[in-house]
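In the working numbering, the protein residues as written are 4 to 97.
Each residue gets a CB set at the ideal place from its N, CA and C atoms; glycine is no exception.
Quick caveat, the model's predicted, so the values are computed rather than measured.
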């Protein structure tokens, strides 16, 4: 994995709130359950990011994989609103 892709992963993971980290990584479905279980989520975020980027490098992640993580992150981190007959706004996440 080249430095640009690694940096994209790093920046994307840093955007993820720690409270949502496991949920988002599971939804991304790139790293196995066993790999995620072996990650120490109690360490400082910078160290966690390094560990996750190394795992992605070992699995030969591509820019496509990084983009998918970014999409999952954006979907989970933001709430979209749609009109509803019951109320004027309703939370919606794809």
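Please go through the same chain and pick out, in chain order, the residues whose beta-carbon is closer than 6 Å to the beta-carbon of residue i, but skip the five residues on each side of it.
i, result
"residue 11", "69"
"residue 9", "56"
"residue 27", "19, 75, 76, 79"
"residue 22", "none"
If we ignore side chains and look at the alpha-carbon of each, how far apart do residue i and residue j end up?
i, j, result
"residue 43", "residue 78", "25 Å"
"residue 60", "residue 72", "14 Å"
"residue 37", "residue 5", "25 Å"
"residue 30", "residue 40", "15 Å"
"residue 13", "residue 66", "12 Å"
"residue 35", "residue 58", "10 Å"
"residue 94", "residue 33", "Low confidence applies here, because residue 94 scores a pLDDT of 48, under 50, leaving its location unreliable and the question unanswered by this model."
"residue 7", "residue 50", "19 Å"
Give every residue of the same chain whose Cβ lies closer than 8 Å to the Cβ of residue i, excluding the five residues on either side of it in the sequence, and list them in chain order.
i, result
"residue 17", "48, 52"
"residue 15", "69, 72, 73, 76"
Are there any heavy atoms of the ligand ADP lying less than 8 Å away from the beta-carbon of residue i, as far as the coordinates show?
i, result
"residue 57", "Because no ligand of any kind appears in the structure shown, any question about the ligand ADP cannot be addressed here."
(request) Run through the region 16 to 76 for me and flag every whole alpha helix (DSSP H) of 4 or more residues, listed as ranges in chain order. (result) 24 to 31, 36 to 40, 48 to 61
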